[in-house]
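Visitor:
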Amino acid sequence: MSDYDVAIIGSGPSGIAAATGLIRAGITNIIVFEREAEIGGIPRHTHHQSFGMLVFKRPMSGPKYIKKLLKRCAGVRFETSTTVLAIQEGGVLDLTTPEGQKTICARHIVLATGARETPRHGRLISGLRPQGIITTGALQQFIYTGKMKPFQRPVIVGTELVSFSALWTLRHAGINPAAMIEENSRTTAYRPAALFARLLGVPIFYRSKVVDIADVEKLSRVEIENASGEKQSIACDGVIFSGKFTGDNNLAKASHMGLNRGTQFPLVDQNWISTDPNISVIGNTVHPADMGDQCYLEGLESGRKVAEKIGGNAPSGCQIPVEPGEGIRMTTPNMLRVGASKIVVSLNLHVTKAYSGPISVTYNGETLYKKRHRCLPARRITLKRIQLKGAVENTDLPLEIHLGE
Ligand SMILES: Cc1cc2nc3c(=O)[nH]c(=O)nc-3n(C[C@H](O)[C@H](O)[C@H](O)COP(=O)(O)OP(=O)(O)OC[C@H]3O[C@@H](n4cnc5c(N)ncnc54)[C@H](O)[C@@H]3O)c2cc1C
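The sequence shown begins at 182 in our numbering and counts up by one.
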């Protein structure tokens with residue numbers, strides 16, 4: 182006997198949206214577990230106007246965005262300061278709550294645990310371990326939530342959208358960064374972002390990486406090395422490692438769910454259902470890291486699909502892998518469920534570096550899609566209306582996606 186129809190793990194835009202989609206479809210016995218003391222995920226700490234354009238047609242701050250989203254799912258039960266420790270087969274969740282450890286059971290689980298930036302240790306950077314080395318997420322918590330200034334003149338490592346979000350956050354606190362450091366020869370975000378840095382007088386060192394961090398008591402400089410092997414020191418009192426997102430996938434990895442061989446993200450089909458038909462995985466857990474609005478819209482749709490499943494329309498058909506070719510970092514879905522009849526799906530992908538040209542999708546030698554796209558790593562590319570005939574015979578045969586002719 183289940184305690185709930187649906188248990189959602191994570192109260193960011195994706196988790197809130199799944200709850201909203203379910204409520205709208207008439208499924209009310211649901212619960213959302215959130216490990217933080219407050220509901221809202223990443224937008225809670227992001228106070229600049231970078232949310233809401235798709236959902237509300239106007240820009241708004243993260244906290245305001247969450248407040249407006251929550252109005253759409255009044256009545257949903259959220260349990261904060263509650264961490265899900267393990268997912269077991271049969272819809273069982275192990276939790277730690279303010280009252281102690283618990284186990285609950287749900288007919289369906291939605292995993293919406295979001296994405297995180299890669300911190301220093303994940304980037305294998307040499308040197309000492311002084312204070313003042315943080316990610317953008319931590320920076321935003323210091324500045325917006327804690328009203329603290331962790332340093333006066335840091336460097337920002339990376340030029341993804343979130344790196345410019347770090348720049349914006351620093352400016353908000355009156356902090357002038359010493360530099361931005363980028364491994365490639367152009368910014369990972371859209372080019373105008375580099376103009377923003379230039380306007381603020383912040384130099385960007387391209388084709389360079391941090392190779393050493395000095396001092397142990399108080400950070401005073403980092404050493405960078407460019408592609409020709411030349412080194413130079415930059416005086417600074419902090420380092421912000423921004424971007425290089427990874428999905429918060431520890432729960433999935435420790436569970437019985439199937440993972441993609443390359444990315445190690447949970448395998449999800451065109452309806453965000455994992456290899457276990459009673460678990461969905463949504464939002465930046467499976468595509469680190471798309472914009473909040475994209476995660477919200479996807480979460481709504483996934484909630485509707487879960488409601489259909491609970492109403493008796495269970496996912497069926499065989500699972501076939503989606504195999505991204507060279508230059509493609511990830512796709513969502515990363516597998517397809519194909520039954521007896523034809524399916525029509527959209528595929529989202531991210532490239533590893535800027536690319537302009539054809540993208541094709543083939544199955545068993547047949548081209549199902551071919552179109553030119555302009556791709557940047559920061560931009561989600563959607564391949565629409567890919568049709569696959571039903572009754573697939575060989576489930577080892579992947580749907581292949583290629584950049585190039
Ligand atoms: C530093 C940073 C800045 C960003 N800035 C922007 C921006 O300006 N604009 C924008 O559109 N997007 C931004 N993003 C992208 C952001 O990830 C999305 O906007 C959005 O928050 C994704 O929603 P989500 O629900 O998938 O994940 P999240 O918002 O990350 O929510 C996941 C939630 O799951 C909870 N959780 C995780 N594990 C557990 C567990 N085991 N048990 C219980 N709860 C758990 C987390 O505490 C969190 O609240 C930013 C991302 C980062 C990391």
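Yeah, the Cβ is synthetic: ideal placement off N, Cα and C, and Gly gets one too.
Just to confirm, is the Cβ distance from V291 to I463 under 8 Å?
Guide: Translated into the one-based positions of the sequence shown, residue 291 becomes position 110. Translated into the one-based positions of the sequence shown, residue 463 becomes position 282. Yes; because the gap between Cβ atoms is below 8 Å, this pair is in contact.
Visitor: Using DSSP with H/G/I as helix, E/B as strand and the rest coil, what is I208?
Guide: In the sequence shown, residue 208 corresponds to position 27, counting from 1. Reduced to three states, the DSSP call for I208 is coil.
Visitor: Locate the beta strand (DSSP E) running through H554, then write down its first and last residues.
Guide: Within the sequence shown, numbered from 1, the residue matching residue 554 stands at position 373. Note, H554: beta strand (DSSP E), E547 to C556.
Visitor: Do the CB positions of R510 and F422 come within less than 8 Å of each other?
Guide: Within the sequence shown, residue 510 is the residue found at index 329, counting from 1. Within the sequence shown, residue 422 is the residue found at index 241, counting from 1. No.
Visitor: For the pair the stretch 428 to 439 and the stretch 407 to 419, tell me if three or more CB-CB distances fall below 8 Å.
Guide: Touching, no, given that fewer than three Cβ pairs across the two stretches are closer than 8 Å.
Visitor: Counting beta carbon pairs with one atom in the stretch 549 to 567 and one in the stretch 482 to 496, are three or more of them shorter than 8 Å?
Guide: They do not touch, by the three-pair rule.
Visitor: Could you tell me which whole alpha helix (DSSP H) segments of length 4 or greater appear in the stretch 332 to 372?
Guide: If we require 4 residues or more, the alpha helix (DSSP H) runs fully inside the stretch 332 to 372 come out as 342 to 353.
Visitor: Compare the C-alpha of P279 against each of V420, A218 and L569 and name the closest.
Guide: One-based indexing of the sequence shown puts residue 279 at position 98. For P279, the nearest C-alpha among the options comes from A218.
Visitor: The beta strand (DSSP E) with C286 in it runs from where to where?
Guide: Numbered from 1 along the sequence shown, position 105 holds the residue referred to as residue 286. Run containing C286: G281 to L292, per the beta strand (DSSP E) assignment.
Visitor: Examine ligand 1 and report whether any of its heavy atoms sits within less than 7 Å of the Cβ of N465.
Guide: Position 284 of the sequence shown, counted from the start, is the residue given in the question as residue 465. Indeed, a heavy atom of ligand 1 lies less than 7 Å from the Cβ.
Visitor: Below 8 Å, how does it come out for the stretch 202 to 211 and the stretch 473 to 488: are there three or more Cβ pairs, yes or no?
Guide: The stretch 202 to 211 vs the stretch 473 to 488: in contact.
Visitor: Touch check for the stretch 264 to 278 and the stretch 383 to 397: three-plus C-beta pairs under 8 Å?
Guide: Output reads no: the stretch 383 to 397 does not touch the stretch 264 to 278.
Visitor: How is the alpha helix (DSSP H) around D474 delimited, first residue to last?
Guide: Locating residue 474 in the sequence shown gives position 293, counting from the first residue. From DSSP, the alpha helix (DSSP H) with D474 extends over G473 to I491.
Visitor: Relative to ligand 1, is the shortest distance from any of its heavy atoms to the C-beta of G473 smaller than 7 Å?
Guide: Walking along the sequence shown from the start, residue 473 turns up at place 292. Yes, the beta carbon of G473 sits closer than 7 Å to at least one heavy atom of ligand 1.
Visitor: Let me check understanding here. Comparing Cα to Cα, which of M182, L528, P579 and A559 lies closest to E547?
Guide: The count along the sequence shown starts at 1 and reaches residue 547 at position 366. Of the candidates M182, L528, P579 and A559, the one whose C-alpha sits nearest the C-alpha of E547 is P579.
Visitor: For Q451, which residues does DSSP report across the bridge?
Guide: The residue given as residue 451 occupies position 270 in the sequence shown. None, per the DSSP bridge assignment.
Visitor: Enumerate in chain order the residues of its own chain whose CB-to-CB distance from A354 is below 8 Å, with the five nearest sequence positions on each side excluded.
Guide: Against the sequence shown, residue 354 aligns to sequence position 173. So the qualifying residues of the chain are I324 and K330.
Visitor: In whole angstroms, what separates the C-alpha of D186 from that of L530?
Guide: As a working mapping, residue 186 is identified with position 5 in the sequence shown. As a working mapping, residue 530 is identified with position 349 in the sequence shown. Computed Cα separation, rounded: 32 Å.
Visitor: Quick check for students: name the residue ranges of the beta strand (DSSP E) that lie wholly in the stretch 377 to 455, counting only runs of 3 or more.
Guide: The qualifying runs are 389 to 394, 402 to 407, 412 to 416 and 419 to 422.
Visitor: For my contact list, I190 and T294 are in at a C-beta cut-off of 8 Å; report their separation, rounded to the angstrom.
Guide: Here the question's residue 190 lines up with position 9 in the sequence shown. Here the question's residue 294 lines up with position 113 in the sequence shown. Yes, I190 and T294 are in contact; Cβ-Cβ is about 6 Å, under 8 Å.
Visitor: Look at the Cβ atom of V519, then the Cβ atom of G571, and state whether they are nearer than 8 Å.
Guide: Taking the sequence shown and counting its residues from 1, the one referred to as residue 519 is at position 338. Taking the sequence shown and counting its residues from 1, the one referred to as residue 571 is at position 390. Yes; because the gap between Cβ atoms is below 8 Å, this pair is in contact.
Visitor: Any idea what DSSP makes of T529, helix, strand or coil?
Guide: Taking the sequence shown and counting its residues from 1, the one referred to as residue 529 is at position 348. According to the sequence displayed, residue 529 carries Asn and not Thr. Of the three classes helix, strand and coil, the one that applies to N529 here is strand, per DSSP.
Visitor: Terminal residues of the continuous alpha helix (DSSP H) containing L320?
Guide: Position 139 of the sequence shown, counted from the first residue, corresponds to residue 320. From DSSP, the alpha helix (DSSP H) with L320 extends over T317 to Q321.
Visitor: Ligand 1 heavy atoms versus the CB of I247: any closer than 7 Å?
Guide: The residue labelled residue 247 in the question sits at position 66 within the sequence shown. No, Cβ of I247 sits at least 7 Å from all heavy atoms of ligand 1.
Visitor: Taking 7 Å as the cut-off, is the beta-carbon of R216 closer than that to any non-hydrogen atom of ligand 2?
Guide: Summarising the ligand content, the structure contains ligand 1 and does not contain ligand 2.
Visitor: Return the first residue and the last residue of the beta strand (DSSP E) that I460 is part of.
Guide: As a first step, residue 460 must be located in the sequence shown, where it is residue number 279. Where I460 is concerned, the enclosing beta strand (DSSP E) stretches over I460 to V462.
Visitor: Tell me whether A296 counts as near ligand 1, meaning its Cβ is closer than 7 Å to at least one heavy atom of that ligand.
Guide: Translated into the one-based positions of the sequence shown, residue 296 becomes position 115. Yes, ligand 1 has a heavy atom inside 7 Å of this Cβ.
Visitor: Which residue from T350, K565 and K328 puts its Cα closest to that of Q451?
Guide: Residue 451 sits at position 270 when you count from the first residue of the sequence shown. Among T350, K565 and K328, the Cα nearest to that of Q451 belongs to K565.
Visitor: Less than 8 Å separating the beta-carbons of G424 and E298?
Guide: Along the sequence shown, read from residue 1 onward, the residue named residue 424 stands at position 243. Along the sequence shown, read from residue 1 onward, the residue named residue 298 stands at position 117. Yes, Cβ-Cβ distance for G424 and E298 is below 8 Å.
Visitor: Sort S537, A521 and I460 by Cα distance to A287 and report the nearest one.
Guide: The sequence position of residue 287 within the sequence shown is 106, counting from 1. Per the Cα distances, I460.
Visitor: Alpha carbon to alpha carbon, how far is M587 from I220?
Guide: Outside the displayed range of the chain (182 to 586) lies residue 587, so it cannot be described from this structure.
Visitor: With a threshold of 7 Å (Cβ to nearest heavy atom), would L440 be considered close to ligand 1?
Guide: What you label residue 440 is simply residue 259 of the sequence shown in a count that begins at 1. For ligand 1, not one heavy atom lies less than 7 Å from the Cβ of L440.
Visitor: Kindly list the residues whose CB is nearer than 8 Å to the CB of N210, restricted to its own chain and excluding five residues on each side of it in sequence; keep chain order.
Guide: Along the sequence shown, read from residue 1 onward, the residue named residue 210 stands at position 29. These residues qualify, in order along the chain: Y185, D186 and V187.
Visitor: Name the two residues that bound the continuous alpha helix (DSSP H) containing Y246.
Guide: On the sequence shown, position 65 is the one that residue 246 refers to. Y246 -> alpha helix (DSSP H) spans G243 to K252.
Visitor: Indicate whether D275 and T284 have their beta-carbon atoms separated by less than 8 Å.
Guide: Within the sequence shown, numbered from 1, the residue matching residue 275 stands at position 94. Within the sequence shown, numbered from 1, the residue matching residue 284 stands at position 103. Contact: yes.
Visitor: Under 8 Å, with one C-beta from each stretch per pair, do the stretch 227 to 238 and the stretch 302 to 315 reach the 3-pair mark?
Guide: Too few Cβ pairs lie closer than 8 Å, so no.
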